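Novice: The structure that follows is given in the form of structure tokens.
2 protein chains.
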Amino acid sequence: MDKTYTIAIDAMGGDNAPEEIVKGALLARDKYKNLHLNLYGDKGKILELIGETKQDRIKIINTTEMIEMGEEPVKAVRKKKDSSMVVATNAVKGGSADALFSAGNTGALLASGIFIVGRISGIERPGLLTVLPSVDDPKRQWVFMDVGANAEVKPSYLYQFAVLGNFYATHVLKKPNPEVKLLNNGTEEDKGDKIHIQAYQLLKNGKQLNFTGNIESRELLNGHADVVVADGFSGNAALKAIEGTALTMFAGLRKILVNGSLKTKIGAALVKPALKEFSSVLDYNNAGGAVIAGVKAPVVKTHGSAKAKTVSNTIGQIKIMLESNLVPDITKYVDENKDQFKIILEEK
Amino acid sequence: MDKTYTIAIDAMGGDNAPEEIVKGALLARDKYKNLHLNLYGDKGKILELIGETKQDRIKIINTTEMIEMGEEPVKAVRKKKDSSMVVATNAVKGGSADALFSAGNTGALLASGIFIVGRISGIERPGLLTVLPSVDDPKRQWVFMDVGANAEVKPSYLYQFAVLGNFYATHVLKKPNPEVKLLNNGTEEDKGDKIHIQAYQLLKNGKQLNFTGNIESRELLNGHADVVVADGFSGNAALKAIEGTALTMFAGLRKILVNGSLKTKIGAALVKPALKEFSSVLDYNNAGGAVIAGVKAPVVKTHGSAKAKTVSNTIGQIKIMLESNLVPDITKYVDENKDQFKIILEEK
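Below is the structure:
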């Protein structure tokens, strides 16, 4: 039988919690036979939702507090000791769960991951990692990190993001020799501010990485890289600009097609299935949740408005992270390459 | 009669130079009766293109060198003293022209603007300013600055970008009380790195600005601001991500519509006019060229692949900059508010 894993589920985080989280957990439980799911939250409510369903491989742990979406993250994590998120994170820290899932407050999950689960020794700053599609070749998914955890970075952080992203690409996306690029404001080696110029040199000299230079945000969706490394500020700006432009364009398209002439309306009805298929390529939710990369266990955040199916898919993503030995392999690599990491730290 | 202005035209810069530049200049000459256009470039070639056309309000100044698109900007400007761009810029500096147009090397034009035309006294760093559309409300154009000149900024630069953007919005876009926002990785006051947190405070306390807080790049196309201030690194990342996503989506759409089933193809033919209209809203070239803002005269760059019509439109944009007294009004304002600018400089 497959090795079994236990995933701690923050059942109260997200706009549709606990309903969609619990439904999604049940879907995942039925789909992935080697997973045990521990649900943290309001036991009464969760039991009501589960109803007559069998509770195989499901455990409910009652918690009395909730971290809201708008709360100040660090303060919330510190104060709400009995919140579903904090208790679930402590379970991972204590070893009674192998990984953590949440659709709740991103900042609070980041703080929980970093301060409770803890950084992998040698990784200075964990970051937010997400997987995006390529429009030209929907099968060429790529890893984008950091997309918002670290507004201020040092060159060494960027190097470490590359290592983390590289492991994610090999282990979870199963890419044999991922092409790593640095998000910058031009493709030439000397582009960007001091930090990016120095990071370029670190990446170029990092012999275990297949680093192929800078990438501009204009090219991100065109499938030119498997891993794109960014500081959290411009990575966030690029990610949100992509999301915003795609959403705005689809909304604008819908508007002109629906409000158009009769001819346009007939045409719109005919192209609708093709448009729907196209929009699903760009729906980055299909690619799963955002990972707090660089901490001692898989900690994954799906978007706040996630429905059951997305919750289940994200749990499937965590399963691959666990089965591929992602975190232990990163830990081992960083430990074995201490000297290299040390040089980088001194250089900065 | 209207006041007349002379615009120096770099006739050799751009992928379609000199053909489309000269054609565009002739269009603009016919359209804008108070403009004199001085064309800098290969006199023989330009004369050939003009042919039998009357040379009213057109002057040709022969130059023997050209700055190529891929050249290292600062070096090129320094070495190629007889290039069309450098000679045209010197004409602006010397007073024989009021403004400069080019479709050539952006970096070289930036260097020419800053080092030859010169900074407005009190403006520490000129930047690249561009105008973008809103998809929700195509009439609500907005000013975006800096989109790439300054990868590294100080809070005072960001404040000055806001002042420059604000003047552009009032003078050129004719907005009475422009809403100014700061591009940041969240809407809260304490978001971003130290520089953006400090810039927020400067902008909030800058009493002559209608500053209404941070904006995330996700909202840029939704018409929530008239002026968006950004550091050149993340501004560039956001701008190129918007461009790239829009281009990639249109290309992807075209592909699925053309390669689709017969039903899809028929539908595609019917919706084509509506799609074309929609894509023109997002075609940011309609909004004109990128302005080197903060220098002592209007210096405007249109994109390298510009055709005659875009060249003519960009010359029309320069005409509005001149007629609205943009640069003199900025110069006067900065001079009259020296104390305020001084405080900002000391605070940083």
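If you read the protein sequences in the order shown, they are chains P and X. Under the numbering used here, the first residue of the first sequence carries the number 361, and numbering increases by one thereafter. Under the numbering used here, the first residue of the second sequence carries the number 361, and numbering increases by one thereafter. Just so you know, even glycine gets a beta-carbon here, dropped at the ideal spot from N, CA and C. Computed from a predicted structure; not experimentally measured.
1. State the Cα-Cα distance for the pair X:A457 and X:A451, rounded to the nearest angstrom.
2. By the 7 angstroms beta-carbon criterion, what residues does the stretch 615 to 626 of chain X contribute toward chain P?
3. If the cut-off is 9 angstroms on Cβ atoms, which residues from the stretch 574 to 596 of chain P count as contacting chain X, listed in chain order?
4. Taking X:D416 as the reference, which of X:A597, X:N394, X:A459 and X:D699 has the closest Cα?
5. Can a CB atom of chain P be found closer than 9 angstroms to the CB of X:A653?
6. Taking Cβ positions only, does P:N465 come closer than 9 angstroms to chain X?
7. Output the residue ranges of the beta strand (DSSP E) runs that lie fully inside the stretch 448 to 503 of chain P and measure 3 residues or longer, sorted by chain position.
8. Along chain X, which residues have their Cβ under 8 angstroms away from the Cβ of P:M609?
9. How about P:V434: is its C-beta nearer than 9 angstroms to some C-beta of chain X?
10. Could you pull the DSSP bridge partners for P:L343 from this structure?
11. Just reading off the beta strand (DSSP E) that X:D711 is part of, what are its end residues?
12. Suppose the cutoff is 7 angstroms on Cβ atoms and the five residues either side in sequence are ignored; what does the same chain contact list for X:H678 look like?
13. So, is the C-beta of P:D553 closer than 9 angstroms to a C-beta in chain X?
14. Any chance the stretch 383 to 403 of chain P sits against the stretch 662 to 678 of chain P, with 3 or more Cβ pairs inside 8 angstroms?
15. Does any CB atom of chain X fall closer than 9 angstroms to the CB of P:P633?
16. I'd like to check one pair, X:D553 with P:E512: are the Cβ atoms closer than 9 angstroms?
17. Of the residues that make up the stretch 494 to 517 of chain X, which ones have a beta carbon closer than 7 angstroms to any beta carbon in chain P?
18. Exposed or buried, X:T413, counting other C-beta atoms within 10 Å across all chains shown (16 or more means buried)?
19. Of all the beta strand (DSSP E) runs that stay within the bounds of the stretch 657 to 697 of chain X, which reach a length of 3 or more residues?
20. Taking buried to mean at least 16 other C-beta atoms within 10 Å of its own C-beta, is P:Q568 buried or exposed?
21. Can you tell me which of P:A666, P:D586, P:Q558 and P:M445 puts its alpha carbon nearest to the alpha carbon of P:K514?
22. Run through DSSP, which three-state label would X:V513 get?
23. May I have the straight-line CA-CA distance separating X:A590 from X:V532, to the nearest angstrom?
24. Can you give the Cα-Cα distance for P:S481 and X:T490, rounded to whole angstroms?
25. Short check: CB of P:P538 to CB of P:G525, under 9 angstroms?
26. Taking P:G649 as the reference, which of P:D402, P:T423, P:T466 and P:S443 has the closest Cα?
27. Any beta-carbon of chain X closer than 9 angstroms to the one on P:L542?
28. Name the chain X residues that come within less than 7 angstroms of P:K600, Cβ to Cβ?
29. Starting from the C-beta of P:V382, find all residues in its chain whose C-beta is less than 8 angstroms away, skip the five residues before and the five after it, and write them out in chain order.
30. Compute the Euclidean distance between the alpha carbons of X:A463 and P:N697, then round it to the nearest angstrom.
Specialist: In short:
1. 6 angstroms
2. I616, L617, G620, K623, T624 and I626
3. E576, S577, R578, E579, L580, L581, N582, A590, D591, G592, F593, S594, G595 and N596
4. X:N394
5. no
6. no
7. 459 to 462 and 487 to 492
8. V495, T605, A606, M609 and L642
9. no
10. For residue 343 of chain P there is no data in the structure shown, the boundaries of chain P being 361 and 708.
11. Nothing can be reported for residue 711 of chain X, as the shown portion of chain X is limited to 361 through 708.
12. For clarity, residue 678 of chain X is Ile in the given sequence; the question names His instead. Hits under 7 angstroms: I367, A459, F461, P658 and V660.
13. yes
14. yes
15. yes
16. yes
17. V495, G508, A511 and E512
18. exposed
19. 659 to 661
20. exposed
21. P:Q558
22. coil
23. 20 angstroms
24. 45 angstroms
25. yes
26. P:T466
27. no
28. E576, S577 and R578
29. A371, L399, I406, L409 and I410
30. 49 angstroms
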